[in-house]
Amino acid sequence: MPFTYEDVGATREDRCPPGFHRMHVRSRIGEGEAVFRRASQALLTWELHRAVGVAITAGADTAAPGVDVTVGLGPIKAPCRVVWTTEEPRRAGWAYGTLPGHPECGEEAFVVDRTGDGTVWLTVTAFSRPAKWYTRAGGAATRGLQHAYAQRCGVVLRRLCGGLGED
Numbered sequence: 483m484p485f486t487y488e489d490v491g492a493t494r495e496d497r498c499p500p501g502f503h504r505m506h507v508r509s510r511i512g513e514g515e516a517v518f519r520r521a522s523q524a525l526l527t528w529e530l531h532r533a534v535g536v537a538i539t540a541g542a543d544t545a546a547p548g549v550d551v552t553v554g555l556g557p558i559k560a561p562c563r564v565v566w567t568t569e570e571p572r573r574a575g576w577a578y579g580t581l582p583g584h585p586e587c588g589e590e591a592f593v594v595d596r597t598g599d600g601t602v603w604l605t606v607t608a609f610s611r612p613a614k615w616y617t618r619a620g621g622a623a624t625r626g627l628q629h630a631y632a633q634r635c636g637v638v639l640r641r642l643c644g645g646l647g648e649d
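Letter 144 of the sequence shown, counting from 1, is numbered 626 in this note's numbering, and no numbers are missing.
The structure is reproduced here in structure tokens:
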């Protein structure tokens with residue numbers, strides 16, 4: 483299936499194509515190498531998304547370009563495909579783009595990074611616009627739900643990394 487938008491991969495450069503709404507949410511997860519490793523593992527293996535409470539059906543155990551993923555929340559099914567991943571010593575993450583049948587059109591990226599002072603952050607960025615009648619009808623409330631989901635990802639990832647010592 484083809485993507486439902488043209489600028490595939492734009493989140494890698496933190497770009498928002500014209501006609502889309504941009505979202506950027508950054509959450510502090512903790513400090514230290516152990517927290518970074520644990521956060522990266524939870525993100526790259528879909529554990530974070532499952533812990534947030536969404537159903538994930540993925541074509542692979544870890545995020546990789548080309549892997550199809552369906553996110554489910556109740557009766558809503560949102561088909562996506564991973565468009566890029568990164569695994570670096572201080573940065574790990576991935577982005578997926580929407581496929582036909584998704585209630586939105588666009589791309590969302592989830593990246594964990596460890597800054598120079600050792601602080602670990604989760605950054606969720608996205609660009610989107612409605613693709614179904616009910617997301618169009620939801621207007622700003624739909625964008626609010628997306629923002630709340632991104633914030634919830636930070637809360638849950640912080641909990642998943644809790645108890646790890648700082649180094």
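We treat Cβ as the ideally placed atom computed from N, Cα and C, and that holds for glycine.
First and last residue of the uninterrupted beta strand (DSSP E) at residue i
| i | result |
| --- | --- |
| E590 | 586-596 |
| E570 | 558-570 |
| V555 | Sequence inspection shows Leu at residue 555; the Val mentioned does not correspond to that position. Residues 550-555. |
| A542 | Looking at the DSSP string, A542 is not in any beta strand (DSSP E), and its letter there is neither H nor E. |
| A577 | 573-580 |
| P547 | P547 -> no beta strand (DSSP E), and no H or E assigned at all. |
Between the CA atoms of residue j and residue i - distance to the nearest angstrom
| i | j | result |
| --- | --- | --- |
| V669 | E589 | Only positions 483 to 649 of the chain appear in the structure, and residue 669 is not among them; the question remains open. |
| M483 | T605 | 28 angstroms |
| T567 | R634 | 22 angstroms |
| V638 | A574 | 17 angstroms |
| G556 | E570 | 35 angstroms |
| E648 | R641 | Any reading at E648 is ruled out, since the residue's pLDDT is 47, under 50, leaving its predicted position unreliable. |
| G621 | E586 | 11 angstroms |
| A619 | A632 | 21 angstroms |
| G636 | A540 | 21 angstroms |
| R520 | G514 | 10 angstroms |
| R504 | A560 | 19 angstroms |
| R563 | Y487 | 12 angstroms |
| S653 | T597 | What is shown of the chain runs 483 to 649, which leaves residue 653 out entirely. |
| V507 | T601 | 16 angstroms |
| P582 | V551 | 12 angstroms |
| P500 | A630 | 23 angstroms |
| I538 | F502 | 25 angstroms |
| G548 | F485 | 11 angstroms |
| D454 | T527 | Summary: the structure shown does not reach residue 454, with the chain confined to residues 483 through 649, and so no result is reported for it. |
| E529 | C643 | 12 angstroms |
Whole-Å CB distance - residue i paired with residue j, under 8 angstroms assumed
| i | j | result |
| --- | --- | --- |
| Q628 | A613 | 13 angstroms between Cβ atoms; not a contact. |
| V593 | Y578 | With a Cβ gap of about 13 angstroms, V593 and Y578 do not count as contacting. |
| V553 | V536 | 5 angstroms |
| R494 | W603 | R494 to W603, Cβ: 17 angstroms. No contact. |
| W576 | A545 | 4 angstroms |
Exposure of residue i, with buried meaning 16 or more beta-carbon neighbours within 10 Å
| i | result |
| --- | --- |
| Y616 | exposed |
| A591 | buried |
| D543 | exposed |
| D595 | buried |
| G512 | buried |
| A623 | exposed |
Range covered by the alpha helix (DSSP H) that runs through residue i
| i | result |
| --- | --- |
| W615 | 615-620 |
| V534 | 529-534 |
Those runs of the alpha helix (DSSP H) which lie wholly inside the stretch 483-524 and span at least 4 residues
none
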